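Just below is one structure, and these are the notes that go with it.
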Amino acid sequence: MPASHFRSFARGFNLIELIIGMLLFAASMAVIFTLIVPQSKQSIDPIFQVRATELAQSMLNEIMVKSFDQQSDRSEGVFLCGSGAENAPDCTAPDALGPDGTETRINFNDVDDYNGLTVVNTGTGANISDLYTGFSLNVVVFYDANMDGIDDNAVGASKYIGVSVTTPNGEMIEFASYRSNY
Numbered sequence: 042m043p044a045s046h047f048r049s050f051a052r053g054f055n056l057i058e059l060i061i062g063m064l065l066f067a068a069s070m071a072v073i074f075t076l077i078v079p080q081s082k083q084s085i086d087p088i089f090q091v092r093a094t095e096l097a098q099s100m101l102n103e104i105m106v107k108s109f110d111q112q113s114d115r116s117e118g119v120f121l122c123g124s125g126a127e128n129a130p131d132c133t134a135p136d137a138l139g140p141d142g143t144e145t146r147i148n149f150n151d152v153d154d155y156n157g158l159t160v161v162n163t164g165t166g167a168n169i170s171d172l173y174t175g176f177s178l179n180v181v182v183f184y185d186a187n188m189d190g191i192d193d194n195a196v197g198a199s200k201y202i203g204v205s206v207t208t209p210n211g212e213m214i215e216f217a218s219y220r221s222n223y
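Residue numbers (my numbering): 42 to 223.
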């Protein structure tokens, strides 16, 4: 066989074919990155939402075990504030909800002490609470006797407890519960 016959089979790609191949590869990579990269950012959202739910539920559990009001009888529950019973004290006024005097979270004893509480976790890398690094939490408590989520601005038989958790990516998730005077 002539030598020219072997050269035609072993010649490979020419420059134009290489350039077209690189352009096709670049175009396909551009399409892939515009579809995948935004999805990777959103893939953390469910993890943040689960952690926000855990954090809010923990705070709501802490609040719900407290007494309805500072003026309620904590020993046997005989005298409920605002119940109208003889010797029953008045409940805390709506504009006085919040910590009583110099109380701090460690010694809060009633639901409305949490009103206005803000917790921001910056984390130190030392313990499990660092799962919540970058999360912030705000609590609001107000009277809402008709349970419509709107402040009645009057003493009532139910208090709305709202917990807002902001995730590290800036999403705010709100949770709510009610505590009744019983």
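Where is the CB? At the ideal position from N, CA and C, for every residue including glycine.
The structure presented is a predicted model; accordingly, all values stated were derived computationally and were not measured.
Output the boundary residues of the beta strand (DSSP E) element that contains residue i.
| i | result |
| --- | --- |
| residue 179 | 177–184 |
| residue 207 | 199–207 |
Taking just the CA atoms, how far does residue j sit from residue i?
| i | j | result |
| --- | --- | --- |
| residue 199 | residue 76 | 49 Å |
| residue 179 | residue 112 | 24 Å |
| residue 89 | residue 97 | 12 Å |
| residue 201 | residue 175 | 26 Å |
| residue 155 | residue 210 | 25 Å |
| residue 138 | residue 195 | 11 Å |
| residue 128 | residue 121 | 10 Å |
| residue 214 | residue 135 | 25 Å |
| residue 181 | residue 157 | 6 Å |
| residue 160 | residue 67 | 47 Å |
| residue 56 | residue 62 | 10 Å |
| residue 102 | residue 219 | 12 Å |
| residue 191 | residue 206 | 19 Å |
So what's residue i in DSSP terms, helix, strand or just coil?
| i | result |
| --- | --- |
| residue 215 | strand |
| residue 72 | helix |
| residue 160 | strand |
| residue 141 | coil |
| residue 153 | helix |
Count the other CB atoms, across all protein chains shown, that sit within 10 Å of the CB of residue i; report buried if there are 16 or more and exposed otherwise.
| i | result |
| --- | --- |
| residue 222 | buried |
| residue 110 | buried |
| residue 208 | buried |
| residue 133 | buried |
| residue 105 | exposed |
| residue 99 | exposed |
List the endpoints of the continuous alpha helix (DSSP H) containing residue i.
| i | result |
| --- | --- |
| residue 94 | 86–105 |
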